[in-house]
């Protein structure tokens, strides 16, 4: 199972998303992130969401599938004692409601602004 472990990286905006959730949802979100940390492959791949290209990103559900964690899988090369290995990273872009595609709109905006 070690092969599936990853390090969670939260964008500043994603951290703020979590802080703005009610306390009970914060806990559920953090529990879901702990599960992701143990298995980077938990998420479901995203593609096009109403004209927003989210290819390469993944979604994880929490709160009975009413909320989403959107993340991207990346990697970081580490060198320890002359041995290079690849550390898997789950870069969380956003956390929020699925209702009316809210989280997908927010994430697409964040991705666009980061690519400029």
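Numbering (my numbering), first residue to last: 58 to 173.
Note that beta-carbon positions come from the ideal geometry of N, C-alpha and C, so glycine has one too.
In this structure, residue 114 sits near residue 150, with a CB-CB distance shorter than 8 Å. Between the alpha carbons of residue 107 and residue 165 lies a distance of about 11 Å.
Cβ atoms of residue 61 and residue 96 come within 8 Å of each other, at about 4 Å. By the CB criterion at 8 Å, residue 116 and residue 100 fall inside the cutoff. Residue 154 sits in a strand when the DSSP states are folded into three classes.
Ranked by Cα distance from residue 98, the first of 82, 121, 148 and 73 is 148.
Assignment of beta-bridge partners to residue 133 by DSSP yields 144.
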